[in-house]
Amino acid sequence: MANLKDIRDRIKSVKSIQKVTKAMKMVAAAKMRRAQERMEQARPYSSSLSEVIEHLLPDIEIGRLPLLDLRKIQRKAYVVVCADRGLAGAFNSNLLKIAQREIDEFGKDKVDIFCIGKKARDYFAYRNYNIIESHIDFWAEMEFENAMMIGRSAIDHFTSGVVDEIHVVYNYFVNVAQQEVKSEILLPLNYESNKSGSKDRLYEPSKEELVNTLIPRHLNVQMWKYLLESYASEQAARMLSMENATSNAQDMIKDLTLQFNKARQASITTEMLEIVSGAEALD
Amino acid sequence: MQLFNLDIVTPIKEVKLGEINYLRCPGIDGSFGIMNKHREGIIALTIGEIKITKDGKSEYYATGGGFAEILDNSVKLIVESVEKSSDIDSVRAQKSLDRANQRKIEKDSEINNIRVETSLLRALNRLRVSKR
Numbered sequence: 001m002a003n004l005k006d007i008r009d010r011i012k013s014v015k016s017i018q019k020v021t022k023a024m025k026m027v028a029a030a031k032m033r034r035a036q037e038r039m040e041q042a043r044p045y046s047s048s049l050s051e052v053i054e055h056l057l058p059d060i061e062i063g064r065l066p067l068l069d070l071r072k073i074q075r076k077a078y079v080v081v082c083a084d085r086g087l088a089g090a091f092n093s094n095l096l097k098i099a100q101r102e103i104d105e106f107g108k109d110k111v112d113i114f115c116i117g118k119k120a121r122d123y124f125a126y127r128n129y130n131i132i133e134s135h136i137d138f139w140a141e142m143e144f145e146n147a148m149m150i151g152r153s154a155i156d157h158f159t160s161g162v163v164d165e166i167h168v169v170y171n172y173f174v175n176v177a178q179q180e181v182k183s184e185i186l187l188p189l190n191y192e193s194n195k196s197g198s199k200d201r202l203y204e205p206s207k208e209e210l211v212n213t214l215i216p217r218h219l220n221v222q223m224w225k226y227l228l229e230s231y232a233s234e235q236a237a238r239m240l241s242m243e244n245a246t247s248n249a250q251d252m253i254k255d256l257t258l259q260f261n262k263a264r265q266a267s268i269t270t271e272m273l274e275i276v277s278g279a280e281a282l283d
Numbered sequence: 001m002q003l004f005n006l007d008i009v010t011p012i013k014e015v016k017l018g019e020i021n022y023l024r025c026p027g028i029d030g031s032f033g034i035m036n037k038h039r040e041g042i043i044a045l046t047i048g049e050i051k052i053t054k055d056g057k058s059e060y061y062a063t064g065g066g067f068a069e070i071l072d073n074s075v076k077l078i079v080e081s082v083e084k085s086s087d088i089d090s091v092r093a094q095k096s097l098d099r100a101n102q103r104k105i106e107k108d109s110e111i112n113n114i115r116v117e118t119s120l121l122r123a124l125n126r127l128r129v130s131k132r
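Chains as they are written, first to last, in our numbering: chain A, 1 to 283; chain B, 1 to 132.
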């Protein structure tokens, strides 16, 4: 049996780890709430934009819009949205596993990757995948600008004809206890133009020009939504795993305390036996 | 005067202004006014000032551009940013204007020229609106 001092030190270290995990859980909870609020706030803007686009599209020749151009798919790009940090349960590993499987299915050499978050970059760089761009270290002060930057470079990559399809893999925030890895097609945009709109409406400038400025804005907002979803999911995952860690630490402390008391009792018993048998020997 | 409904939507907030009398927006081809029963349509907006008249009082907002969607008796402004004139910190606006000017003079090759120009325009606009 381990001696008393060892057990006491163990308890002390477990207790201090528990303090850290508790604090991390609290921080994650606060950050998650903020991300959730931002998600709520972004919703009206993005739905308004898509509404306007849907109003406009029936009146336009879709073939003339480069961002709606359905080409034969020879090369794809993947935007992998991950976190900068670990200690969030299976958050990163689940997503990376799924992303890698999809990329491998299409062919590793025919896919360009945009890495969002350090974990994604490290993972794919280590395995020699074709990384075009990586965006890291922005989560803490995430602004709409970040989404615009990522959106712009993805759009350029598509319109210049390097890739024929852009996928986004990210963690969708179902609720606090559940996040779901989703893979969606960002470009080319898929719009059903079954509405027969064409009311007598005023367009300034022309419809084509309007749509050409609307769609990049729409994609930027889409990107912003992906980032927010992922951030909220990350914090939720971290919150949950830190809660588990805290309760595991509690169990460990309990076990160790029991062990400590047993060891103490045993040492007292042996001491007493020694004294008693010593006294008996004197008689 | 007849009233119509106005909503302003941005990526980070939604402003519901309710029933208003008159709205003036900075269109790409110049400022234009909207009153009740305006023809339906979609108009692109640029950086500038939005004027809203409600109950005989006028309010001014600075915007970073976007779209105005005019529907039957309601208008929705889908813009990148919106700030009420009284909420703009004119000291901060002045500072960002100075910064933008400085950047223009320096002509840092790494920063895109168009971006410098737009940030300058935006700063000028905010400062102008804050003095309303």
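A virtual CB, placed ideally from N, CA and C, is assigned to each residue, including glycine.
None of the values given here were measured: they were computed from a predicted structure.
Within its chain, find whatever has a CB closer than 7 angstroms to the CB of residue i; leave out the 5 residues flanking it on each side and keep chain order.
i: Gly65(B); result: Leu45, Thr46, Ile47, Val79 and Glu80
i: Ser130(B); result: Ser85, Ile88, Ser90 and Ala93
i: Leu127(B); result: Ser90, Ala93, Gln94 and Leu97
i: Ala249(A); result: Val14, Ile17, Gln18 and Thr21
i: Ala120(A); result: Val80, Cys82 and Leu96
i: Ala245(A); result: Thr21
Whose Cβ in chain B lies nearer than 8 angstroms to the Cβ of residue i?
i: Tyr203(A); result: Gly41, Ile42 and Ile43
i: Leu210(A); result: Ile42, Ala44 and Phe67
i: Trp224(A); result: Pro11
i: Thr159(A); result: Those within 8 angstroms of Thr159(A) in chain B number zero; the least Cβ separation is about 18 angstroms.
i: Val221(A); result: Pro11
Is it right to say residue i is buried, meaning 16 or more other beta carbons lie within 10 angstroms of its own, or is it exposed?
i: Gly33(B); result: exposed
i: Asp87(B); result: exposed
i: Ala232(A); result: buried
i: Arg217(A); result: buried
i: Lys72(A); result: exposed
i: Thr159(A); result: exposed
i: Asn171(A); result: buried
i: Val174(A); result: exposed
i: Val211(A); result: buried
i: Val81(A); result: buried
i: Asn113(B); result: exposed
i: Thr284(A); result: One cannot answer for residue 284(A) here, as it falls past the ends of chain A, which runs 1 to 283.
i: Val276(A); result: exposed
i: Ala125(A); result: exposed
i: Val9(B); result: buried
i: Val163(A); result: buried
i: Gln179(A); result: buried
i: Met272(A); result: exposed
i: Glu209(A); result: exposed
i: Ala99(A); result: buried
i: Gly238(A); result: The question names Gly, but residue 238(A) is Arg in the sequence shown. Arg238(A) should be labelled buried.
Output yes or no for whether 8 angstroms exceeds the beta carbon distance between residue i and residue j.
i: Val221(A); j: Ala42(A); result: yes
i: Ile50(B); j: Ser58(B); result: no
i: Ile286(A); j: Met223(A); result: In this structure chain A extends from 1 to 283, so residue 286(A) is not present and cannot be described.
i: Val350(A); j: Glu145(A); result: Absent from the structure is residue 350(A), since the part of chain A shown begins at 1 and ends at 283.
i: Gly30(B); j: Glu204(A); result: no
i: Glu106(B); j: Leu71(B); result: no
i: Ile155(A); j: His135(A); result: no
i: Ile53(A); j: Lys207(A); result: no
i: Ala30(A); j: Glu234(A); result: no
i: Ala28(A); j: Met242(A); result: yes
i: Thr63(B); j: Val75(B); result: no
i: Pro44(A); j: Glu19(B); result: no
i: Phe114(A); j: Glu133(A); result: yes
Counting only the same chain and skipping the five closest in sequence on each side, list residues whose C-beta sits under 8 angstroms from that of residue i.
i: Ala177(A); result: Ala236 and Leu240
i: Ser111(A); result: The sequence shown places Val at residue 111(A), not Ser. Taken in chain order, the residues that qualify are Arg75, Lys76, Ala77, Tyr78, Ile103, Tyr129 and Asn130.
i: Lys225(A); result: Met39, Ala42 and Ser46
i: Ile11(A); result: Ile253, Leu256, Thr257 and Phe260
i: Phe67(B); result: Ile42, Ile43, Ala44, Leu45, Leu77, Ile78 and Val79
i: Asp55(B); result: Asn21
i: Asp137(A); result: Asp84 and Lys118
Residue i touches chain A at which residues, Cβ-Cβ below 8 angstroms?
i: Lys76(B); result: Ser48
i: Asp29(B); result: Glu204 and Pro205
Excluding the 5 residues preceding and the 5 following residue i in the sequence, name in chain order all residues of the same chain whose CB lies nearer than 6 angstroms to its CB.
i: Leu17(B); result: Leu6
i: Asn36(B); result: Gln2 and Phe4
i: Leu227(A); result: Ala147
i: Ala100(B); result: Ser119, Leu120 and Ala123
i: Leu214(A); result: Ile53
i: Val116(B); result: Arg103 and Lys104
Show which residues of chain A have a CB atom less than 9 angstroms away from the CB atom of residue i.
i: Glu69(B); result: Ser48, Glu51, Val52 and His55
Run through chain B and tell me which residues come within less than 9 angstroms of residue i, C-beta to C-beta.
i: Gln41(A); result: Thr10, Pro11, Ile12, Lys13 and Glu14
i: Val81(A); result: Within chain B, no residue comes near Val81(A); the closest Cβ sits about 18 angstroms away, beyond 9 angstroms.
i: Thr246(A); result: Those within 9 angstroms of Thr246(A) in chain B number zero; the least Cβ separation is about 34 angstroms.
Would you mind telling me which residues of chain B sit closer than 7 angstroms to residue i, beta carbon to beta carbon, in chain order?
i: Pro44(A); result: Val9 and Glu14
i: Thr21(A); result: Within 7 angstroms Cβ-Cβ: nothing; Thr21(A) doesn't reach chain B, min ~32 angstroms.
Listed in chain order, which residues of the stretch 1-14 of chain B have Cβ atoms closer than 9 angstroms to some Cβ of chain A? Asp7, Val9, Thr10, Pro11, Ile12, Lys13 and Glu14
Give me the subset of the stretch 139-152 of chain A whose CB atoms are less than 7 angstroms from a CB atom of chain B, sorted by chain position. Per Cβ criterion, the list reads Phe144.
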